[in-house]
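Q: Sending over a structure as structure tokens; questions will come in a sec.
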Amino acid sequence: MSKIVRVELGRLDYALVGEFKFFAGGARPSVIVRLVDDEGRAGWGQSVPVETWTYETVESVETTLARYLAPAVLGADPADLAEVHRRMERAIRPSFSVGQPLAKAAIDLACHDLWGRRAGKSVAELLGGVRAPEVQLSWTVQSPTLPGAEALVEQGRALGYTSFNVKIGHPQTPEYDTRLVRRVRELAPDGFHWADANTSYDLDTALALAPVLADAGFRALESPLPPNRIRDYQRLRRQGALPILMDEGIVSPVETAEFIALGMMDGIAMKVARCGGLWPAGRIVGLLAESGLALFASGLSDPEWSLAASIHLFAAAGLERPAALNGPQYIADRGTADPAFRAVRDRVRVPRGPGLGVAADARATAALRVVAGA
């Protein structure tokens with residue numbers, strides 16, 4: 088058993104390539120955490136807030152970590168993830184679900200990294216073992232014009248991608264979305280494609296578009312409605328045009344179990360960053376397996392450690408579908424400063440080193456400051 092004796096925190100932004108509607112400032116912001124134990128070992132974690140995507144901002148993540156979560160985890164054993172999360176839940180209480188899950192994910196990831204380094208095992212091994220040595224990626228198509236969408240598909244294909252996840256919904260019209268998904272299928276007839284509305288449809292629109300997507304050969308409709316539209320999700324699923332996935336609203340195993348029991352979905356587009364980290368994410372993946380529901384993979388344009396955490400989880404889960412992890416698409420250097428951990432074409436290998444297996448560069452180390460402990 089070891090104890091966390093110091094918590095360090097820093098802001099680390101990544102240059103972007105291309106354009107993505109969720110990023111307005113020209114950079115992908117993140118907050119990094121380094122935990123140090125009583126034997127001098129260190130583990131790294133990362134939070135990936137985007138105010139247009141989630142309610143947490145970079146500023147709220149920094150203050151939450153520095154003032155509340157960092158002091159709360161001092162003295163905890165990083166391998167005792169249940170206790171670490173209990174401490175964080177006491178410091179920042181939940182409302183409907185987990186409070187400040189993106190901030191808590193940074194601590195969770197750093198604990199897994201530190202635990203793995205201490206044990207000499209990769210995070211995937213800690214999660215049960217590597218069932219797949221690499222994860223295939225899906226390319227994101229998000230454009231308000233068909234020529235723009237066509238260019239994105241060709242860009243992805245040139246890099247070796249065969250499968251595409253397509254952003255539909257506001258500010259796009261249903262008529263445009265219909266043309267968009269059909270055009271993507273024409274350009275990439277053999278890939279595994281699905282559509283993500285980011286909760287922007289109403290029930291009538293979703294009911295009308297689901298058969299269109301199915302006819303175009305798409306395999307699922309992700310987050311068509313706000314997650315609190317319980318009866319609408321039930322109605323859409325009963326339509327049966329194609330599998331209905333939830334994403335927004337999946338924050339903890341508690342509401343996941345409730346949504347499964349209510350018959351709201353056929354699967355989840357799983358995001359490690361949104362649900363407080365790997366410990367709750369692994370429990371959610373287990374619930375899906377027990378219920379016979381589909382595991383899809385998604386992210387928040389994750390760089391570095393957040394991306395590595397997703398790769399470890401999905402490799403341990405034996406993910407069977409391309410993952411919509413688009414950090415390598417939108418972030419310079421394919422999402423990481425560690426050349427040993429980098430997407431090659433549409434594949435990312437599971438890092439082989441202990442913990443998350445990602446090496447920090449000088450820029451990351453220089454960004455840190457001590458916020459709790461010695």
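If you use the numbering used here, the sequence shown corresponds to residues 88 to 461, in order. Yeah, the Cβ is synthetic: ideal placement off N, Cα and C, and Gly gets one too. None of the values given here were measured: they were computed from a predicted structure.
#1: Considering just the uninterrupted stretch of the alpha helix (DSSP H) at Trp28, what are its terminal residues?
#2: Quick test of your reading: His399 and Leu214, contact by CB under 8 Å. State the CB separation rounded to the nearest angstrom.
#3: Can you look up Gln259 in the DSSP assignment and give me helix, strand or coil?
#4: So is Val505 buried or exposed if we call it buried at 16+ other beta carbons inside 10 Å?
#5: Measure how close the beta-carbons of Pro165 and Leu201 come, nearest whole angstrom, since I'm counting them as under 8 Å.
#6: State the Cα-Cα distance for the pair Val123 and Cys198, rounded to the nearest angstrom.
#7: Under three-state DSSP, which class holds Arg180?
#8: Quick one: Cα of Phe383 to Cα of Leu374, how far?
#9: When DSSP labels each residue in this structure, what does Arg385 get in the three-state scheme?
#10: At 3 residues or longer, and completely inside the stretch 199–255: list those beta strand (DSSP E) runs for me, N to C.
#11: Give the secondary structure of Glu309 by DSSP, where H, G and I count as helix, E and B as strand, and everything else as coil.
#12: By Cβ distance below 7 Å, which residues in the same chain neighbour Val148 in space, the five residues on each side in sequence not counted?
#13: Between which two residues does the alpha helix (DSSP H) holding Arg361 run?
#14: For the alpha helix (DSSP H) containing Asp425, name the first residue and the last one.
#15: By alpha-carbon positions, which one of Ala211, Val240 and Thr227 ends up nearest to Gly369?
#16: In or out: Phe183 buried (at least 16 other Cβ within 10 Å) or exposed?
#17: Name the two residues that bound the continuous beta strand (DSSP E) containing Leu122.
#18: Bridge partners for Ile418 per DSSP, in chain order?
#19: If I follow the unbroken beta strand (DSSP E) through Gly132, where does it start and stop?
#20: Can you check which of these residues, Arg174, Pro234, Thr227 and His257, is closest to Gly243 by C-alpha distance?
#21: In terms of residues, what are the limits of the alpha helix (DSSP H) holding Ile337?
#22: Look at Leu300 and Gln326 and say whether their C-beta atoms are less than 8 Å apart.
#23: Would you mind stating whether Leu394 and Gly414 have Cβ atoms separated by less than 8 Å?
#24: With DSSP as the reference, please indicate the residues paired to Asp283 in a beta bridge.
#25: Where does Ala410 land, buried or exposed, given buried means 16+ other C-beta within 10 angstroms?
#26: Grouping DSSP H, G and I as helix and E and B as strand, with all else coil, what is Ala430?
#27: Is there contact between the stretch 414–432 and the stretch 139–146, where contact requires at least three CB pairs shorter than 8 Å?
#28: Could you tell me whether the stretch 333–341 touches the stretch 308–315, where touching means 3 or more Cβ pairs closer than 8 Å?
#29: Using the C-alpha atoms, what's the distance from Ala102 back to Gly130?
#30: Can you find the residues in the same chain that come closer than 8 Å, C-beta to C-beta, to Leu246, ignoring five residues on each side of it along the sequence?
#31: Distance, Cα to Cα, Phe251 vs Asp353?
#32: Between the Cα of Gly113 and those of Ala459, Arg361, His280 and Tyr417, spot the shortest distance and give me the residue it belongs to.
#33: Would Leu96 pass as a contact of Leu455 if the rule is Cβ separation under 8 Å?
#34: Taking the CB atoms as reference points, tell me whether Val359 and Pro220 lie closer together than 8 Å.
A: Taking the geometry as given:
#1: Examination of residue 28 is not possible in this model, given that the chain is present from 88 through 461 alone.
#2: Here the question's residue 399 lines up with position 312 in the sequence shown. Here the question's residue 214 lines up with position 127 in the sequence shown. Yes, His399 and Leu214 are in contact; Cβ-Cβ is about 7 Å, under 8 Å.
#3: The sequence position of residue 259 within the sequence shown is 172, counting from 1. Gln259: coil per DSSP, three-state reduction.
#4: In the structure displayed, the chain extends from 88 to 461; residue 505 sits before or after that span and is not available.
#5: In the sequence shown, the residue the question calls residue 165 occupies position 78. In the sequence shown, the residue the question calls residue 201 occupies position 114. That pair is a contact at about 4 Å.
#6: For this step, residue 123 is matched to residue 36 along the sequence shown. For this step, residue 198 is matched to residue 111 along the sequence shown. Rounded to whole angstroms, the gap between the alpha carbons of Val123 and Cys198 is 10 Å.
#7: Along the sequence shown, one-based indexing puts residue 180 at 93. In the structure shown, Arg180 sits in coil (DSSP, three-state: anything other than H, G, I, E or B).
#8: Position 296 of the sequence shown, counting from 1, holds the residue named residue 383. Position 287 of the sequence shown, counting from 1, holds the residue named residue 374. Their Cα atoms are separated by approximately 13 Å.
#9: For the purposes of this step, residue 385 is taken as residue 298 along the sequence shown, with counting starting at 1. Just to set this straight, residue 385 is Ser in the shown sequence, not Arg. Correct three-state label for Ser385: strand.
#10: As summarised for the stretch 199–255, the continuous beta strand (DSSP E) elements at least 3 residues long and confined to that stretch are 221–223, 226–228 and 251–254, given in chain order.
#11: One-based indexing of the sequence shown puts residue 309 at position 222. Collapsing the DSSP output to three states places Glu309 in a strand.
#12: If you number the sequence shown from 1, residue 148 lands on position 61. Val118, Ser134, Pro136, Leu189 and Ala190.
#13: As a working mapping, residue 361 is identified with position 274 in the sequence shown. Where Arg361 is concerned, there is no enclosing alpha helix (DSSP H), given that its DSSP letter is neither H nor E.
#14: Against the sequence shown, residue 425 aligns to sequence position 338. Here Asp425 belongs to no alpha helix (DSSP H), and DSSP marks it neither H nor E.
#15: Walking along the sequence shown from the start, residue 369 turns up at place 282. When each option's Cα is compared against that of Gly369, the closest is Ala211.
#16: The residue labelled residue 183 in the question sits at position 96 within the sequence shown. By the 10 Å Cβ count, Phe183 comes out exposed.
#17: Taking the sequence shown and counting its residues from 1, the one referred to as residue 122 is at position 35. Val118 to Asp124 is the span of the beta strand (DSSP E), which, as asked, contains Leu122.
#18: Residue 418 sits at position 331 when you count from the first residue of the sequence shown. Ile418 is bridged by DSSP to Leu103.
#19: Reading the sequence shown from its first residue, position 45 is the one you call residue 132. For Gly132, the enclosing beta strand (DSSP E) starts and ends at Ala129 to Ser134.
#20: One-based indexing of the sequence shown puts residue 243 at position 156. Here the closest residue by C-alpha is Thr227.
#21: Along the sequence shown, read from residue 1 onward, the residue named residue 337 stands at position 250. Taken as a continuous stretch (DSSP letters only), Ile337 belongs to no alpha helix (DSSP H), as it is neither H nor E.
#22: Looking up residue 300 in the sequence shown gives position 213. Looking up residue 326 in the sequence shown gives position 239. Contact: no.
#23: Within the sequence shown, the letter at position 307 stands for residue 394. Within the sequence shown, the letter at position 327 stands for residue 414. In this structure, Gly414 lies closer than 8 Å to Leu394 by Cβ.
#24: Taking the sequence shown and counting its residues from 1, one reaches residue 283 at position 196. Per DSSP, Lys254 and Glu309.
#25: Within the sequence shown, numbered from 1, the residue matching residue 410 stands at position 323. It counts as buried.
#26: Working through the sequence shown from its first residue, we reach residue 430 at position 343. DSSP, reduced to helix, strand and coil, places Ala430 outside both helices and strands of the structure shown, so it counts as coil.
#27: Because the criterion of three Cβ pairs below 8 Å is not met, the stretch 414–432 and the stretch 139–146 do not touch.
#28: The stretch 333–341 makes contact with the stretch 308–315, as at least three CB pairs between them are under 8 Å.
#29: Translated into the one-based positions of the sequence shown, residue 130 becomes position 43. Translated into the one-based positions of the sequence shown, residue 102 becomes position 15. Those two C-alpha atoms are separated by around 24 Å.
#30: Counting from 1 along the sequence shown, the entry for residue 246 is found at position 159. Hits under 8 Å: Trp226, Arg432 and Asp433.
#31: Reading the sequence shown from its first residue, position 164 is the one you call residue 251. Reading the sequence shown from its first residue, position 266 is the one you call residue 353. Phe251 and Asp353 have their C-alpha atoms spaced approximately 20 Å apart.
#32: The residue you call residue 113 lines up with position 26 of the sequence shown. In terms of Cα proximity to Gly113, the closest of Ala459, Arg361, His280 and Tyr417 is Tyr417.
#33: If you number the sequence shown from 1, residue 96 lands on position 9. If you number the sequence shown from 1, residue 455 lands on position 368. With respect to the 8 Å criterion, Leu96 and Leu455 are classified as neighbours on the basis of their beta carbons.
#34: As a first step, residue 359 is located in the sequence shown; it is residue number 272 there, counting from the start. As a first step, residue 220 is located in the sequence shown; it is residue number 133 there, counting from the start. The answer is no: Cβ separation not under 8 Å.
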